[in-house]
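Same order as they appear, the protein sequences are chains Z and G.
Take 8 as the starting number for the first sequence in our numbering and just add one per residue.
Take -7 as the starting number for the second sequence in our numbering and just add one per residue.
Here is the structure we will look at.
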Amino acid sequence: MKKLLVMALAVTMTASMLTGCGNSASQPAADNASSGDEAAADAAGDEAAGDDAAAEAPAADGAVIKIGGIGPVTGGAAVYGQAVKNAAELAAKEINEAGGINGALIEFQFQDDEHDAEKAVNAYNTLKDWGMQILMGTVTSNPCTAVVEKSQADNLFQLTPSGSAIKSIQYDNAFRVCFSDPNQGAASAQYIGEHSLATKVAVIYDSSDVYSSGIYEKFAAGAKEQGIEIVSAEAFTADSNTDFSVQLQKAKDAGAELVFLPIYYTEASLILKQADTMGFDPLFFGCDGLDGILAVENFDTALAEEVMLLTPFAADAEDEKTQSFVSAYEAAYGGTPNQFAADAYDAMYIIKAAGEKAGITADMSASDICEAMKTAMTEITVDGLTGEGMTWTADGEPSKAPKAVKIVDGAYKAM
Amino acid sequence: MVDVMSFVSYLLNGISLGSVYAIIALGYTMVYGIAKMLNFAHGDVIMVGGYIVFVFVSTLGLPPLLGIFVAMILCTVLGVTIERVAYRPLRMASSPLAVLITAIGVSYLLQNLALLIFGANTKSFTSVVAIPPLKLADGQLTISGETMVTILVGIIVMVCLTLFVNKTKAGQAMLAVSEDKGAAQLMGINVNGTIALTFAIGSALAAVAGVLLCSAYPSLTPYTGAMPGIKAFVAAVFGGIGSIPGAMIGGILLGVIEIFGKAYISSQMADAIVFGVLIVVLLVKPTGILGRNIQEKV
Chain Z
8 MKKLLVMALA
18 VTMTASMLTG
28 CGNSASQPAA
38 DNASSGDEAA
48 ADAAGDEAAG
58 DDAAAEAPAA
68 DGAVIKIGGI
78 GPVTGGAAVY
88 GQAVKNAAEL
98 AAKEINEAGG
108 INGALIEFQF
118 QDDEHDAEKA
128 VNAYNTLKDW
138 GMQILMGTVT
148 SNPCTAVVEK
158 SQADNLFQLT
168 PSGSAIKSIQ
178 YDNAFRVCFS
188 DPNQGAASAQ
198 YIGEHSLATK
208 VAVIYDSSDV
218 YSSGIYEKFA
228 AGAKEQGIEI
238 VSAEAFTADS
248 NTDFSVQLQK
258 AKDAGAELVF
268 LPIYYTEASL
278 ILKQADTMGF
288 DPLFFGCDGL
298 DGILAVENFD
308 TALAEEVMLL
318 TPFAADAEDE
328 KTQSFVSAYE
338 AAYGGTPNQF
348 AADAYDAMYI
358 IKAAGEKAGI
368 TADMSASDIC
378 EAMKTAMTEI
388 TVDGLTGEGM
398 TWTADGEPSK
408 APKAVKIVDG
418 AYKAM
Chain G
-7 MVDVMSFVSY
3 LLNGISLGSV
13 YAIIALGYTM
23 VYGIAKMLNF
33 AHGDVIMVGG
43 YIVFVFVSTL
53 GLPPLLGIFV
63 AMILCTVLGV
73 TIERVAYRPL
83 RMASSPLAVL
93 ITAIGVSYLL
103 QNLALLIFGA
113 NTKSFTSVVA
123 IPPLKLADGQ
133 LTISGETMVT
143 ILVGIIVMVC
153 LTLFVNKTKA
163 GQAMLAVSED
173 KGAAQLMGIN
183 VNGTIALTFA
193 IGSALAAVAG
203 VLLCSAYPSL
213 TPYTGAMPGI
223 KAFVAAVFGG
233 IGSIPGAMIG
243 GILLGVIEIF
253 GKAYISSQMA
263 DAIVFGVLIV
273 VLLVKPTGIL
283 GRNIQEKV
């Protein structure tokens, strides 16, 4: 009898483990079925999707362009992946309601990579098996760099909303919406120099992360040009990312007026807290990785007051495009969209613009679409949330003016 | 002068970090000493403790002490359940690896459950310590309230555990089980009960450690316990696994070495230095600083 109980408990545990793992994998598919009504119905129509779904489908010929998305919807960088997934679904839905791309509807499927290169490649393979024709992803730099090797081999058009490492789009089939890391580092140095924010700057960066060390290198070069002195540059790694007392102490001892943080917000929230505890109060300046710091539950936003960050998108900006996007996003998912959401939203519209320019159709192979899109990308000009008149060069880099925001009263204020 | 001040400041920071490792290491060392197994899920029980206090104190607004008490009870239940369901059936397994692998499995299970329940978003933990930081030398040196409380709690726990093990009947039973399970059973000691008690104490300690860890480094994610758990395991080995004062000394030394390594050698190499020192110590003294030399009698 006792043994039975033990067995039963063990089974329950295993079962909960399976649901724990299984959930992340099945979620995108489930979401797809529930949110992308028309698109999903097209695919599921021939199978047993349900009568109402089949009846809703407007395009009788069932032409769909399959766009895949990859990003972390679980794990430490999940905030970015969730935002991208939500915003891309929102954009796909809008585009479909307006008639799709050249008459073909978008079918969008998003796979989780947990911000892990190996899982991203697995996700890519899953999407390829599903019949993906265009890839909107991946969200974070390291996985993107791994996936671009695959997409280049397959000659599949790839547009990353936020993969900002140089190598993330090193081949001619890949483009991006956001700035590359070097551009962020150089632009930050330029911004600090031009606005005379500080002359003595300390840097705390994550040497185990391509994103962080990439920005740091270009920042160092840019700082020299601007006449900014880097008084201390201290690193940490993914395995020692809780205690920053040493790095802060060195910045303090060196008399830094500004601390540049080219890192993600989780570590930054700890740095702000520890700086406050030790009574060190310089200016803090970060890049897009700091976006999300205000969303940290229970975080004392007073600590983040006056923190500046380079970002292409501020949800409080008053232009009509931003406002309508923000309200649509809030209505659909709750919560204010961050810049990753904006990047992804733009990415879908960029795919639409390039797709229409290139005249792609649903029956074209991924490789044919890629060839046509590559040329079209350098010819289009897109007005998006993250910049007016965005253009691209053949190496995949966007051209648009950088923006910065400052945290005032617990909210981003466009500067 | 600045150099001296920095040195003292680094030392204090090292002790602060080390005291967190120490209190986690106490749980590791205790379970290892008695059950002779590495409970890799210990770090994740700490994370669960952190979340429970977060929910009760930050979200529901209970007084911190009550929150900690609830967390200790719930973590105890969790620890005993894990032991009963996942470890006990495997204790007699032919390979001791089986239970080790299970422990890793439980660790991932807890992380994934936390991910499922609380999501991946970082939560900022409100410190339960209300003591203002101590400012010395015109504010050039700061000792945070968390550091003082952590060290104090660490010492109290260490003394209580030592007394418990040496002076009570249950403690003596633990010692007997750790010496020789089979013989202890023959002497009428309930081995399973004793090991369950060990897990109960270890898990309650994990809850306390979780609160102190999150108070000192207030960012709470499902992976919060993983790295400190591994570092604390190293600290336990460093101090001599199975030895209660050893865990305390090992933890504090590890923290101090880590901070000094960062400050004076290289901030990127901190972990390499820590583990390098560990290798050297183990080469010189394979049982750790306070570990007992066990002589095999033929």
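Note that beta-carbon positions come from the ideal geometry of N, C-alpha and C, so glycine has one too.
Which residue spans inside the segment 136 to 176 of chain Z form an unbroken alpha helix (DSSP H) run of at least 4?
148 to 161
_I'd like to know if A47 of chain Z contacts chain G, where contact means its C-beta is closer than 8 angstroms to some C-beta of that chain._
Caution is warranted here: a pLDDT of 40 is assigned to A47 of chain Z, below 50, making its placement in the model unreliable, and no coordinate value can be reported.
Do the CB positions of Q191 of chain Z and S171 of chain Z come within less than 8 angstroms of each other? yes
message = Taking the alpha-carbon of F61 of chain G as reference, which of G:S8, G:V120, G:F110 and G:S87 has the nearest alpha-carbon?
response = G:V120
Practice prompt. Give the straight-line distance between the Cα atoms of F182 of chain Z and Q165 of chain Z, rounded to the nearest whole angstrom.
Written response: 6 angstroms
Report task. Run down chain G in chain order and give the residues with a C-beta less than 7 angstroms from the C-beta of A242 of chain Z. Result -> S259 and Q260
_Quick check on C28 of chain Z - is its C-beta less than 8 angstroms from some C-beta in chain G?_
Confidence at C28 of chain Z is low in this model, with a pLDDT of 45, below 50, so the placement of that residue should be treated as unreliable; the coordinate-derived value is given next. Output row for C28 of chain Z: interface = yes.
Sort out for me which residues DSSP pairs D119 of chain Z with in a bridge. Z:G78
Original post:
CB-CB under 6 angstroms to I123 of chain G, same chain, minus the five flanking residues each way: which ones, in chain order?
Top reply: G137
How many Å lie between L310 of chain Z and D288 of chain Z at the Cα? 10 angstroms
Can you tell me whether L144 of chain G is buried or exposed? The criterion is at least 16 other CB atoms within 10 Å of its CB, across all chains shown. exposed
task: Identify the contact partners of A304 of chain Z in chain G, using a Cβ-Cβ distance below 7 angstroms as the criterion.
output: Correcting the residue type first, residue 304 of chain Z is Glu in the shown sequence and not Ala. Within 7 angstroms Cβ-Cβ: N113, K115 and S116.
| query | Any idea which residues DSSP pairs D213 of chain Z with across the strands? | reply | Z:F243
**Report entry** Cβ neighbour criterion (16 or more within 10 Å) applied to A50 of chain Z
**Finding:** Confidence at A50 of chain Z is low in this model, with a pLDDT of 41, below 50, so the placement of that residue is unreliable and no value is reported for it.
For V291 of chain G and P56 of chain G, I'd like the C-alpha separation in whole angstroms.
With chain G represented from -7 up to 290, any question about residue 291 of chain G goes unanswered, as that position is not in the structure.
Checklist entry - Beta-carbon of T125 of chain G versus every beta-carbon of chain Z: anything under 8 angstroms? => result For the sequence presented, residue 125 of chain G should be read as Pro rather than Thr. Yes, P125 of chain G lies at the interface with chain Z (some Cβ there is under 8 angstroms from its Cβ).
| Do you know offhand how far I187 of chain G's Cα is from A90 of chain Z's? | 46 angstroms
* Asked: Which stretch, first to last residue, makes up the alpha helix (DSSP H) that contains F182 of chain Z?
  -> Here F182 of chain Z belongs to no alpha helix (DSSP H); instead the beta strand (DSSP E) covers A181 to R183.
**Study point:** Stretch pair the segment 206 to 218 of chain G + the segment 406 to 417 of chain Z: three plus CB contacts closer than 8 angstroms
**Key:** no
Please state if the CB of V169 of chain G and the CB of G163 of chain G are separated by a distance shorter than 8 angstroms.
no
Query raised in the report: For D298 of chain Z, does the three-state DSSP call read helix, strand or coil?
Result: coil
Would you please verify whether the beta carbon of V253 of chain Z is less than 8 angstroms from any beta carbon of chain G? yes
Beta-carbon neighbours of Q277 of chain Z, restricted to chain G and to distances below 8 angstroms: In the sequence as presented, Gln is not what sits at residue 277 of chain Z; that position holds Leu. Chain G residues near L277 of chain Z: Y209, P210 and S211.
task = Identify the continuous alpha helix (DSSP H) that holds D375 of chain Z and give its terminal residues.
result = A373 to M384
- Query: In chain G, which residues lie less than 8 angstroms from C145 of chain Z when you measure between Cβ atoms?
  - Reply: Residue identity differs from the one stated: residue 145 of chain Z is Thr in this sequence, not Cys. Result: empty, since nearest Cβ-Cβ is about 17 angstroms, beyond 8 angstroms.
A421 of chain Z versus K410 of chain Z: straight-line alpha-carbon distance, rounded: 8 angstroms
DSSP bridge partner residues for A421 of chain Z (one or two, in chain order)
Z:V412
Alpha helix (DSSP H) segments (min. 4 residues) lying fully within the segment 125 to 205 of chain G = 137 to 159, 161 to 171 and 173 to 178
| For L204 of chain Z, the three-state DSSP class (helix, strand or coil) | coil
If I follow the unbroken beta strand (DSSP E) through V77 of chain G, where does it start and stop?
That residue, V77 of chain G, is in no beta strand (DSSP E); it is neither H nor E in DSSP.
CB of G42 of chain G within 8 angstroms of CB of F117 of chain G, strictly: yes
### Query
Can the beta-carbon of A112 of chain G be found closer than 8 angstroms to that of G200 of chain Z?
no
- Message: Judging by CA-CA distance, which residue of Z:I77, Z:E274 and Z:P344 is the nearest neighbour of A124 of chain Z?
- Response: Z:I77
Exercise. Is the shortest distance between the beta-carbon of M219 of chain G and the beta-carbons of chain Z less than 8 angstroms?
Worked result: yes
Quiz item: Can you list, in chain order, the residues of the segment 249 to 273 of chain Z whose Cβ is nearer than 8 angstroms to any Cβ on chain G?
Solution: T249, D250, S252, V253, Q254, Q256, K257, D260, Y272 and T273
- Neighbour list for G82 of chain Z in chain G, Cβ cutoff strictly below 7 angstroms: A112
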